[in-house]
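First residue of the sequence shown? That's 428 in our numbering, and the numbers climb one at a time after it. The C-beta atom is built at its ideal place from N, Cα and C for all residues, glycine as well. See structure below.
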Amino acid sequence: MKRIIPSLASVNQLYIGEELKALPEGTPLHVDIEDGNFVNNITFGMRVVRSVANMFPKSPLCFHFMATNPSQYFTEISKCGAREVAVHFEELPYPSEELCALRELGMIPGLAINLRTPVEQVAPFFDYLDFLLLMTMDSGYGGTNGLGFCFASHERIKKARALLPEGKELWVDGGMDEAEMRNCFSLGADVVIAGRMLFPEKPATKTEPRRAYLPGERPRSSAQLLQEYTARYCVEHGGR
């Protein structure tokens with residue numbers, strides 16, 4: 428089943444509760460944990476994660492760790508009801524240990540790989556994971572710095588789909604727009620992570636710089652966009 432999962436990193440952080448409450452109940456939520464070490468950005472600490480889990484207990488939390496020593500968080504996020512969890516191959520000396528630790532705690536383990544990592548390099552670990560997350564831009568960088576989807580990722584998606592065994596999901600994350608979402612699903616992705624597609628920023632004007640929209644200020648709500656994209660790309664491409 429094809430899925431689009433909203434990313435918390437793109438919501439208006441001053442109104443995170445209101446932003447998430449506007450989505451349909453039970454919507455899975457993608458939580459990037461960036462620590463300022465593995466990547467240059469910092470996102471959420473465990474206090475915010477616990478608050479989101481408490482406020483939205485019916486929404487499965489899907490984690491993507493762009494952090495050093497991700498296993499230090501595993502017990503805490505398992506208590507928050509974490510479902511899928513992706514850890515970066517580039518950070519792990521022994522990936523199979525981290526993936527097995529996630530499964531033992533009742534979570535669904537996945538590996539994430541950056542642009543510079545060949546898909547073939549993680550093939551020995553396919554038996555230990557349930558999904559592979561391909562980054563289509565450098566980890567930790569978003570639309571604010573002008574970087575977006577890397578078109579070389581098209582070949583990586585096709586290669587990953589061909590190499591992954593039956594039953595293993597392929598996730599795609601990074602710099603997504605509607606055209607690339609369509610491409611990703613057509614090339615074999617099962618899940619697309621959507622950030623600024625669902626939570627776009629207000630464009631700059633002559634008198635005001637670009638900024639996050641206030642709740643209710645967007646011309647089309649995030650819930651409307653999610654519903655439209657899901658109907659357009661997940662239902663039409665429901666089979667692999």
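I believe residue i touches residue j by the beta-carbon criterion, under 8 Å. Please report the beta-carbon distance rounded to the nearest angstrom.
i: A494; j: N467; result: Not confirmed; about 12 Å, so no contact.
i: I540; j: V549; result: 6 Å
i: L532; j: F578; result: Not quite, the Cβ-Cβ distance comes to about 37 Å (not below 8 Å), so this is no contact.
i: I431; j: Y640; result: About 20 Å; that fails the 8 Å criterion.
i: K485; j: C661; result: That pair is no contact at about 20 Å.
i: V479; j: I504; result: 11 Å between Cβ atoms; not a contact.
i: L538; j: A513; result: 7 Å
Assign residue i to buried or exposed, taking buried as 16 or more other Cβ atoms, counted over all protein chains shown, within 10 Å of its Cβ.
i: H481; result: What sits at residue 481 in the sequence shown is Asn, not His. Classification for N481: exposed.
i: I584; result: buried
i: E607; result: buried
i: Y521; result: exposed
i: G751; result: The chain is shown from 428 up to 667; residue 751 falls before or after that span and cannot be answered.
i: S613; result: exposed
i: G622; result: buried
i: E593; result: exposed
i: A587; result: buried
i: R647; result: exposed
Near residue i, which residues of its chain fall below 6 Å by C-beta distance, leaving aside the five closest residues on each side in sequence?
i: D604; result: none
i: F626; result: S437, V438, S649
i: L652; result: L625
i: R530; result: P536
i: G570; result: Here the model assigns G570 a pLDDT of 44, short of 50, so the residue's position is not dependable, and the following value carries that caveat. Cβ within range, chain order: R623.
i: D459; result: A436, T470, H491
Taking DSSP as the reference, what is the three-state secondary structure of residue i?
i: E525; result: helix
i: V466; result: coil
i: D554; result: helix
i: M428; result: coil
i: C489; result: strand
i: G622; result: coil
i: M562; result: strand
i: R530; result: helix
i: E605; result: helix
i: E511; result: strand
i: P627; result: coil
i: S648; result: coil
i: P497; result: helix
i: V458; result: strand
i: E635; result: coil
i: L538; result: strand
i: L597; result: strand
Could you name the residues of the same chain whose beta carbon sits closer than 7 Å to that of residue i, not counting the 5 residues immediately before and after it, in chain order?
i: E596; result: D557, F558, D617, V618
i: S498; result: E525, A528
i: S523; result: F552, Y555
i: H457; result: I432, P433, S434, L435, C489, H491, I620
i: L519; result: E525
Quick one: what's got a C-beta closer than 8 Å to residue i's C-beta in the same chain, skipping five residues either side?
i: N572; result: Because N572 carries a pLDDT of 43, less than 50, the predicted location of this residue cannot be relied on, and the following value inherits that uncertainty. None.
i: I701; result: Because the chain here runs from 428 to 667, residue 701 falls outside it and cannot be looked at.
i: V599; result: L560, L561, T563, S580, I584, C611, A616, V618, V619, I620
i: P642; result: N439, Y442, E445, E446, A449
i: R637; result: E628, K629, P630, A631
i: L591; result: F553, L559, L597
Quick one: is residue i near chain D, going by C-beta distance under 8 Å?
i: S437; result: Of the protein chains in this structure there is only one, and it is not chain D.
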